[in-house]
Amino acid sequence: RKVFEFRRNTRKFSDLPGLRPLLFLPTSALNPGSGWQWVRRDKIYSKYRMNTISLVPILSGTPTYFTRSLDVARQIVAAKNGFVKPEDIRSVLLGWGRNLFTENGSEWIRHRRIMNPAFTPEVYAHVWNETADLYEQMQHAEGWIGRSEHDLSAFNSITPKRSASETMQFAHALDIVSRSVVPRLLIPRWAYRFPLKRLRDMEIAHRSVDQFMQELIKTRQAELSADKAHRSQGQGGPEKDVFRLMIRASEDEGALRMSSEELTGNTFLMLLAGHDTTSRTLDATIGFLALYEDIQEEIYQEVHDVLSTSTGGGGQLRFEDYPRLKKVQGGLFGGGTALSCVAASYFQTWPEGHADLCEPAAATMMVREATDTFVLQTDKADGHGGQVILEPGTRVTIDFVGIHYNPEYFPEPEEFQPSRWYDALESDMTMFSLGPRVCIGRRFALTESVSFLSHLLCDWRLHAVLQPGETKPQWRRRVLRGLGGLSFGVGRVPVRLTRR
Ligand code: HEM
1 RKVFEFRRNT RKFSDLPGLR PLLFLPTSAL NPGSGWQWVR RDKIYSKYRM
51 NTISLVPILS GTPTYFTRSL DVARQIVAAK NGFVKPEDIR SVLLGWGRNL
101 FTENGSEWIR HRRIMNPAFT PEVYAHVWNE TADLYEQMQH AEGWIGRSEH
151 DLSAFNSITP KRSASETMQF AHALDIVSRS VVPRLLIPRW AYRFPLKRLR
201 DMEIAHRSVD QFMQELIKTR QAELSADKAH RSQGQGGPEK DVFRLMIRAS
251 EDEGALRMSS EELTGNTFLM LLAGHDTTSR TLDATIGFLA LYEDIQEEIY
301 QEVHDVLSTS TGGGGQLRFE DYPRLKKVQG GLFGGGTALS CVAASYFQTW
351 PEGHADLCEP AAATMMVREA TDTFVLQTDK ADGHGGQVIL EPGTRVTIDF
401 VGIHYNPEYF PEPEEFQPSR WYDALESDMT MFSLGPRVCI GRRFALTESV
451 SFLSHLLCDW RLHAVLQPGE TKPQWRRRVL RGLGGLSFGV GRVPVRLTRR
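Here mature numbering (1 follows the signal peptide of the UniProt record, and there is no 0) is used: the first residue of the sequence shown is 1, the next is one more, and so on.
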């Protein structure tokens, strides 16, 4: 059966050359292995001299076209109703209920219409100020105040916290849940009775995130009723934070109603999508800035200039200053795209029988399945084009690592060059995906990260802490390596902060 399936698939995908792996063994000269997109980002497409290649696994996994062509990516996202998110990709985030990420078609539109009003300049201004306050509180909580120098063995221990008083326990629980979303789909319930530490940790983390979400929902429901009473007396204004909008939708009877299962599903999505991704992008950016101190100084100079002419005066950076902080934004895109934020091709290591999960899950890539026959215009790495007919059910994966390391778009892609992003249009920021399903939290994440980074750079210089005898390129390889989770991240980032 396997031989027959493989032959049928190779014929189906024969238009484009590519990988025909037997087993997903560790990455080697013979085998792509897990994480091949990251590990072979500089070689894989150029080997076939194509920007779109095929991957047809022999024993396990779903055959897919992979593309690092922006033009191909745009054809797919522009095709109305022509492509959907496949079932196995959806199932990765279905654990707590259907949500914005998991839905297709009209259901997706309903979720998006409920949440869109939460992403407004008013909310971003609030996010900016909250982040600035959080930074201040964090300096006290971490004992940085009054010190001229501070060593952190892993800056990653700071970025996941959402309040200065939050213990690492919750952030850690969320991290375990993020990493165990796929294993939990595969491991049967009875296995949790065995005294295995990893499984026990997964279960405890899962329960504590669940409890946190239920409490969060209850608190927001109570706040909302109090707010209603407040407004019925003619006071207060509508507050459009995303949780309140979701809770209102769960109490609504109209077309934009959200079930209680969807409320929990979306609460989990917001915690995960809104949190993991941003903290990992910041870790990568801090790592790069600590390593490339000349670039850090250039960015700091901008922050300094903006601060000295800030409309608010009083030595405070304000939300209104955000558009002028172009280099800080560039630094983040540099860090984010070097990392090609999010998602784990390491899922390819999951065993036979779960072949459908052998595709990467979140978004170092975007996986889509054709619902109708579709004629795709492809291009070769040397510029000539061709056509590929996609039958219904055929998969195409937009490979963001491939795009961000494609020298046609990013000359010298391995170089950390935030300057290439200084005047970028929002539509160029492909680390947030593209098309109608572009990240809903793009501006939210940018506001939060630019606020945090600008405040940090105002006070502190960042230096990479090298091991004895280690060179900077070795530090980069050791620390800024791609690590899987539900979002893609870097290793522990050891930095020294020295006061400016
Ligand atoms: C640096 C931080 C972030 C990065 C790199 C990022 C990246 C992405 C990408 C690539 C997608 C597309 C996924 C796909 O279609 O398969 C996405 C979708 C999404 N993101 Fe983000 N994101 C970030 C921050 C946030 C934040 C802060 C929020 C919420 C406040 C958020 C909420 C979402 C949601 C709900 C979706 C699904 C949108 C839909 O399908 O309509 N993200 N994100």
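Here a beta-carbon is modelled for each residue, glycine too, at the ideal position from N, C-alpha and C.
Close Cβ partners of VAL479 (< 6 Å) along its chain, the five nearest in sequence each way excluded:
Residue 479 sits at position 479 when you count from the first residue of the sequence shown. Cβ neighbours of VAL479 beyond the five flanking positions: GLY287, GLY491 and VAL493.
Near LEU174, which residues of its chain fall below 8 Å by C-beta distance, leaving aside the five closest residues on each side in sequence?
Translated into the one-based positions of the sequence shown, residue 174 becomes position 174. Counting only Cβ-Cβ distances below 8 Å, and skipping sequence neighbours, we find PRO160, ALA205, VAL209, LEU271, LEU272, HIS275 and ASP276.
Residue environment, PHE452, which counts as buried when at least 16 other CB atoms sit within 10 Å
Stepping through the sequence shown from its first residue, residue 452 is reached at position 452. Under this definition PHE452 is a buried residue.
If you drop the 5 nearest sequence neighbours on each side, which residues of the same chain put their C-beta closer than 6 Å to that of GLU352?
Numbered from its first residue, the sequence shown carries residue 352 at position 352. Because the pLDDT at GLU352 is just 30, under 50, the model does not fix this residue reliably, and the value given afterwards should be weighed accordingly. Result list for GLU352: SER60, in chain order.
Hey, could you find the ends of the beta strand (DSSP E) GLU297 is sitting in?
The residue given as residue 297 occupies position 297 in the sequence shown. First-last for GLU297: 293–308, but that is the alpha helix (DSSP H), not the beta strand (DSSP E).
Taking the CB atoms as reference points, tell me whether VAL181 and VAL92 lie closer together than 8 Å.
The residue given as residue 181 occupies position 181 in the sequence shown. The residue given as residue 92 occupies position 92 in the sequence shown. It is a contact, given that the beta carbons lie within the stated cut-off.
I need the straight-line Cα distance from VAL127 to ILE58, nearest angstrom please.
Locating residue 127 in the sequence shown gives position 127, where the first residue counts as 1. Locating residue 58 in the sequence shown gives position 58, where the first residue counts as 1. Those two C-alpha atoms are separated by around 48 Å.
Rounded to whole angstroms, how far is the Cβ of ILE114 from the Cβ of LEU256, which I believe are closer than 8 Å?
Within the sequence shown, residue 114 is the residue found at index 114, counting from 1. Within the sequence shown, residue 256 is the residue found at index 256, counting from 1. 5 Å between Cβ atoms; contact.
Among LEU456, THR285 and ILE440, which residue has its Cα nearest to the Cα of LEU307?
Residue 307 sits at position 307 when you count from the first residue of the sequence shown. Checked all of LEU456, THR285 and ILE440; the closest Cα to LEU307 is LEU456.
Classify GLU448 as buried or exposed, calling it buried when 16 or more other Cβ atoms lie within 10 Å of its own Cβ.
For the purposes of this step, residue 448 is identified with residue 448 of the sequence shown, where counting begins at 1. By the 10 Å Cβ count, GLU448 comes out buried.
For TYR65, write down the residues that DSSP places opposite it in a beta bridge.
As a position in the sequence shown, residue 65 is number 65, starting the count at 1. Looking at the DSSP output, TYR65 bridges to SER54 and VAL396.
Compute the minimum distance between the beta carbon of GLY271 and the heavy atoms of ligand 1, and state whether it is under 7 Å.
Locating residue 271 in the sequence shown gives position 271, counting from the first residue. The amino acid at residue 271 is misidentified as Gly; the sequence shows Leu. No, ligand 1 has no heavy atom inside 7 Å of this Cβ.
Just reading off the beta strand (DSSP E) that ALA255 is part of, what are its end residues?
Position 255 of the sequence shown, counted from the first residue, corresponds to residue 255. It is not in any beta strand (DSSP E) - ALA255 carries neither H nor E in the DSSP assignment.
Select from VAL367, SER419 and ARG90 the residue whose C-alpha is nearest the C-alpha of LEU332.
Stepping through the sequence shown from its first residue, residue 332 is reached at position 332. Out of VAL367, SER419 and ARG90, SER419 has the C-alpha closest to the C-alpha of LEU332.
Nearest by alpha-carbon distance to LYS2: which of ASN51, PHE319, LEU16 and PRO63 is it?
Walking along the sequence shown from the start, residue 2 turns up at place 2. Cα-wise, what sits closest to LYS2 is PRO63.
Cross-strand partners of TRP460 (DSSP beta bridge)
By one-based count along the sequence shown, residue 460 stands at place 460. DSSP lists ARG499 as the beta-bridge partner residues of TRP460.
HIS111 and GLU122 - do their beta-carbons sit closer together than 8 Å?
Taking the first residue of the sequence shown as 1, we reach residue 122 at position 122. Taking the first residue of the sequence shown as 1, we reach residue 111 at position 111. No; because the gap between Cβ atoms is not below 8 Å, this pair is not in contact.
Other residues of its chain near LEU196: CB distance less than 6 Å, five sequence neighbours each side excluded:
As a position in the sequence shown, residue 196 is number 196, starting the count at 1. Taken in chain order, the list of residues that qualify is empty.
Could you tell me the boundaries of the beta strand (DSSP E) in which ARG11 lies?
Along the sequence shown, read from residue 1 onward, the residue named residue 11 stands at position 11. Note, ARG11: premise wrong, no beta strand (DSSP E); alpha helix (DSSP H) at 2–12.
For the 8 Å Cβ check, are there 3 or more pairs between the segment 258–268 and the segment 459–471?
no
HIS404 burial status per 10 Å Cβ neighbour count (16 or more: buried):
The residue given as residue 404 occupies position 404 in the sequence shown. So HIS404 ends up on the buried side.
Could you check what DSSP says for ARG318 in three-state terms: helix, strand or coil?
Residue 318 sits at position 318 when you count from the first residue of the sequence shown. Residue state, collapsed to three classes: coil.
MET431 lies in the beta strand (DSSP E); which residues open and close that run?
For the purposes of this step, residue 431 is taken as residue 431 along the sequence shown, with counting starting at 1. Premise fails: MET431 is in no beta strand (DSSP E) and is neither H nor E.
For ASP372, I'd like the list of residues in its chain whose CB is within less than 7 Å of its CB, leaving aside the five on either flank, ordered along the chain.
Walking along the sequence shown from the start, residue 372 turns up at place 372. Answer for ASP372: GLY82 and PRO392, listed in chain order.
Decide yes or no for the touch test of the segment 243–250 against the segment 123–143: beta carbon pairs closer than 8 Å, at least 3 of them.
no
Within a Cβ cutoff of 8 Å, which residues of the same chain sit near ILE389, ignoring the five residues on either side of it in sequence?
The residue you call residue 389 lines up with position 389 of the sequence shown. Excluding sequence neighbours, ILE389 sits near ASP15, THR373, PHE374, VAL375 and LEU376.
Heavy atom of ligand 1 less than 7 Å from the Cβ of THR67, yes or no?
Walking along the sequence shown from the start, residue 67 turns up at place 67. Outside the cutoff, so no.
Return helix, strand or coil for ARG368, following the three-state DSSP convention.
Locating residue 368 in the sequence shown gives position 368, counting from the first residue. In this structure, ARG368 counts as strand in the three-state DSSP scheme.
Could you check if PHE194 is buried or exposed, using at least 16 other CB atoms within 10 Å of its CB as the buried criterion?
Residue numbering aside, residue 194 sits at position 194 when the sequence shown is read from its first letter. So PHE194 ends up on the exposed side.
Does DSSP classify LYS380 as helix, strand or coil?
Taking the sequence shown and counting its residues from 1, the one referred to as residue 380 is at position 380. Strand.
In the structure shown, what three-state DSSP assignment does GLY469 receive?
Here residue 469 refers to the residue found at position 469 when the sequence shown is read from its first residue. GLY469: coil per DSSP, three-state reduction.
Tell me which residue opens and which closes the alpha helix (DSSP H) that GLN137 is part of.
Counting from 1 along the sequence shown, the entry for residue 137 is found at position 137. It spans 121–141 - the alpha helix (DSSP H) in which GLN137 sits, taken as one unbroken run.
Would residue 550 and VAL328 qualify as a contact pair, given that the criterion is a beta-carbon distance under 8 Å?
Since the displayed the chain opens at 1 and closes at 500, residue 550 lies outside it and no answer follows.
Strand pairing of ILE187, partner residues [DSSP]
Here the question's residue 187 lines up with position 187 in the sequence shown. DSSP, once it has assigned bridges, lists no residue as partnering ILE187.
If you drop the 5 nearest sequence neighbours on each side, which residues of the same chain put their C-beta closer than 7 Å to that of ILE176?
Numbered from 1 along the sequence shown, position 176 holds the residue referred to as residue 176. Excluding sequence neighbours, ILE176 sits near ASP201, MET202 and ALA205.
Rounded to the nearest angstrom, how far is the Cβ of ASP379 from that of SER69, given a contact under 8 Å?
The residue you call residue 379 lines up with position 379 of the sequence shown. The residue you call residue 69 lines up with position 69 of the sequence shown. Confirmed, about 6 Å.
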